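Quick notes on the structure that follows.
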Amino acid sequence: MPGAKKLSIPQLNAISDTLSTKAIIAQISKGEHCRVCGKLLGSGPHQCINHFLAPVAVEIQNQFLDSLRDDPETSGNLIPSGFQESLFSTTQRETLLRCRIAFEQCKWSLSSMTEAAVELSLDSRIAKIWEYGCSQIINGQLWEHFLYKIRLKNGEEWALDITGCQFGPAWPLLEPWGARLARVGDPVSEASYEIGHMRERMD
Ligand SMILES: [Zn+2]
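Using numbering that gives the first Met the number 0, read the sequence shown as starting at 0 and increasing by one per residue.
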């Protein structure tokens, strides 16, 4: 997007080789997580979100992360040193890549995905989509985080968190708004904006 800022993959590598990456690897070590709801797979039947937004969420996340991953010169460096690849499955390796690519990209993701959000907002089942920003204590640290809040015409509200996996593979890509609140607690501060706000702000 013209004028908008994002972190390059080398910059990402510099900042994401941190404790948070170690925490992500620790989660990945436990097994494979569901891409949509974040649940750990393999321990009994997996009851995922059965909702039209689930495949939409995956598609939007793929579009966004692919746009960052498509640089062949740098994307090979996203696996951190100390990651013993032989101990992990292909899916777990892909999960790690996804988590690392998403790191600190939340504001950029809303700026970048404006068209997709506008298109989704035209779905006859959707009442409104907001760009939602909050300050929130996550894993004991204060984060500024951005995601989409979606209200359906039937009254349901959903969180679509394209870059939530930066906090680990157990973080849902899609979840009911009330479940999100119950899981992460009240934000320190929050604000909702019209679609397009983040792109304007980053221009
Ligand atoms: Zn699931």
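Every residue gets a Cβ at the ideal spot worked out from N, C-alpha and C, and that includes glycine.
Here the structure is a predicted model, which is why all the values come from computation and not from measurement.
Within the same chain, show all residues whose beta-carbon is closer than 7 Å to that of C207, passing over the 5 residues directly before and after it, in chain order. In this structure the chain extends from 0 to 202, so residue 207 is not present and cannot be described.
Kindly indicate which three-state DSSP category F63 falls into: helix, strand or coil? It is helical.
Decide if D185 is buried, meaning its Cβ has at least 16 other Cβ atoms within 10 Å, or exposed. exposed
May I ask you to check if the CB of C36 is nearer than 7 Å to at least one heavy atom of ligand 1? Flag set: Cβ of C36 near ligand 1.
Beta-carbon proximity check, R124 vs L151, cutoff 8 Å: Contact check for R124 against L151 passes: the beta carbons are separated by less than 8 Å.
My guess is that L96 and L77 are in contact by the Cβ rule of under 8 Å, so how many angstroms apart are they, rounded? 5 Å
Let me know the secondary structure DSSP gives Q135 once reduced to three states. strand
Can you give me the C-alpha to C-alpha distance between V117 and L159, rounded to a whole angstrom? V117 and L159: Cα-Cα distance of roughly 14 Å.
Collapsed DSSP secondary structure at H196 in the structure displayed: helix
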